[in-house]
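Numbering (our numbering), first residue to last: 8 to 274. Every residue, glycine too, gets a C-beta built ideally from N, C-alpha and C. Structure first, then comments.
If you want it as structure tokens, here you go:
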């Protein structure tokens with residue numbers, strides 16, 4: 008569905024050329040969640056912005072459903088680290104922006120707003136303004152707004168970084184279920200190794216800058232029990248063994264310490 012071939016991105020920083028990532032070959036398959044994890048500064052967020060069409064590549068190409076991407080595509084949704092809500096609209100009105108544009112394509116779309124706010128735990132805050140809710144609540148509203156667009160694929164740039172641990176795990180599992188029910192493909196960028204394992208069907212490990220794809224792992228399958236009781240997944244032998252393998256990769260490439268499961272750094 009999303010194909011990245013030979014992708015590289017250069018920046019000019021203080022008069023010097025800096026390569027954020029280079030030689031990246033990657034595929035996000037239809038209906039799968041691909042987690043991307045790596046050390047701080049490895050270019051994973053820059054890669055996401057390139058796939059979103061927000062920043063041009065310096066070399067290589069990106070294709071979506073067989074066609075080259077040269078800019079934003081309305082079929083690809085993006086959820087950033089910041090909520091980016093409009094301050095003069097309520098939480099409900101911010102979420103409903105997507106439904107307004109989608110209503111002519113999908114009858115009844117506007118009626119989904121309150122249901123989705125309930126599912127992300129914001130049913131009591133629909134009439135509040137962004138300045139009146141926490142950062143985590145604002146991010147959940149942004150997530151609802153994107154999901155209401157019903158995109159074919161969604162790119163996530165550490166959307167749960169501002170949430171407490173309990174709410175983060177609840178939304179991780181809820182989001183996996185939602186994406187699977189809708190058949191929506193997703194690229195999920197994170198510095199949190201546990202989150203990458205919980206979210207992803209596959210996990211792509213990036214090297215330090217210039218970021219390259221070091222290896223792609225298959226994650227343990229998530230059966231119904233794992234989605235209902237995520238602690239059983241995190242405690243499984245398969246989860247632990249895969250985590251140790253990825254940590255060994257990060258150690259070998261010099262990225263260990265910046266992509267640990269409990270780290271909280273910007274990509």
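Check: Given a threshold of 16 other Cβ atoms within 10 Å of its Cβ, counted over all protein chains shown, does residue 138 qualify as buried or as exposed?
Finding: The sequence position of residue 138 within the chain shown is 131, counting from 1. Flag for residue 138 reads exposed.
Check: Around the C-beta of residue 56, are 16 or more other C-beta atoms found within 10 angstroms, so that it is buried, or is it exposed?
Finding: Here residue 56 corresponds to residue number 49 of the chain shown, with the count starting at 1. The residue is buried, with at least 16 neighbouring Cβ atoms inside 10 Å.
Checklist line | Residue nearest to residue 198 in terms of C-alpha spacing, selected from 39, 20, 49 | finding: For this step, residue 198 is matched to residue 191 along the chain shown. That would be 49, whose Cα lies nearest to the Cα of residue 198.
Next item on the list: Find out if the Cβ-Cβ distance for the pair residue 102, residue 155 is shorter than 8 angstroms.
Entry: Translated into the one-based positions of the chain shown, residue 102 becomes position 95. Translated into the one-based positions of the chain shown, residue 155 becomes position 148. Contact flag set, yes.
Margin query: Output needed for residue 14: all residues of its chain with C-beta closer than 6 angstroms, excluding positions within five of it in sequence on either side, in chain order.
Written below: Counting from one through the chain shown, the residue named residue 14 turns up at place 7. The residues are 31, 64, 67.
Checklist line | CA nearest to the CA of residue 8, picked from 174, 132, 82, 86 | finding: Taking the chain shown and counting its residues from 1, the one referred to as residue 8 is at position 1. Measuring from the Cα of residue 8, the nearest candidate turns out to be 82.
Item checked: For residue 212 and residue 252, the rounded distance between their alpha carbons -> Counting from one through the chain shown, the residue named residue 252 turns up at place 245. Counting from one through the chain shown, the residue named residue 212 turns up at place 205. Taking the straight line from one Cα to the other gives about 11 angstroms.
Margin query: Using only CA atoms, which one of 141, 105, 136, 152 lies nearest to residue 126?
Written below: Indexing the chain shown from 1 puts residue 126 at position 119. When each option's Cα is compared against that of residue 126, the closest is 152.
Check: Counting Cβ pairs closer than 8 angstroms, one from the stretch 33-49 and one from the stretch 210-225, do we hit at least three?
Finding: Short answer: they touch.
Check: Of the choices 260, 99, 143, whose alpha-carbon is the least far from that of residue 130?
Finding: Here residue 130 refers to the residue found at position 123 when the chain shown is read from its first residue. If we check each option's Cα against that of residue 130, 99 comes out closest.
Next item on the list: Please state whether DSSP places residue 39 in a helix, a strand or coil.
Entry: Numbered from its first residue, the chain shown carries residue 39 at position 32. Looking at residue 39 - three-state DSSP - the assignment turns out to be coil, as it is neither helix nor strand.
Notebook entry, point to check: For residue 52, does the count of other Cβ atoms within 10 angstroms reach 16, so buried, or fall short, so exposed?
Noted result: To locate residue 52, count along the chain shown from 1; it is residue 45. Residue 52 comes out buried.
Notebook entry, point to check: Excluding sequence positions up to five away, which residues of its chain have a Cβ less than 8 angstroms from the Cβ of residue 171?
Noted result: In the chain shown, residue 171 corresponds to position 164, counting from 1. If we look at residue 171 and ignore the five residues flanking it on each side, its Cβ neighbours are 143.
Margin query: Would residue 18 and residue 12 be called neighbours here (beta carbons separated by less than 8 angstroms)?
Written below: Your numbering for residue 18 matches position 11 in the chain shown. Your numbering for residue 12 matches position 5 in the chain shown. No. Outside cutoff.
Next item on the list: Kindly indicate which residue of 24, 37, 194 has the alpha-carbon position closest to the one of residue 87.
Entry: Counting from one through the chain shown, the residue named residue 87 turns up at place 80. Ranking the options by Cα distance to residue 87, first place goes to 194.
Notebook entry, point to check: Apart from the five residues just before and just after residue 150, which ones in its own chain have a Cβ nearer than 7 angstroms to its Cβ?
Noted result: Translated into positions along the chain shown, residue 150 becomes position 143. Scanning its chain for C-beta atoms nearer than 7 angstroms, with the 5 sequence neighbours on each side dropped, one finds around residue 150 the residues 86, 127, 166, in chain order.
Next item on the list: Figure out for me which residue from 174, 258, 250, 160 has the closest Cα to the Cα of residue 37.
Entry: Residue 37 sits at position 30 when you count from the first residue of the chain shown. Across the set 174, 258, 250, 160, the C-alpha of 160 shows the shortest separation from the C-alpha of residue 37.
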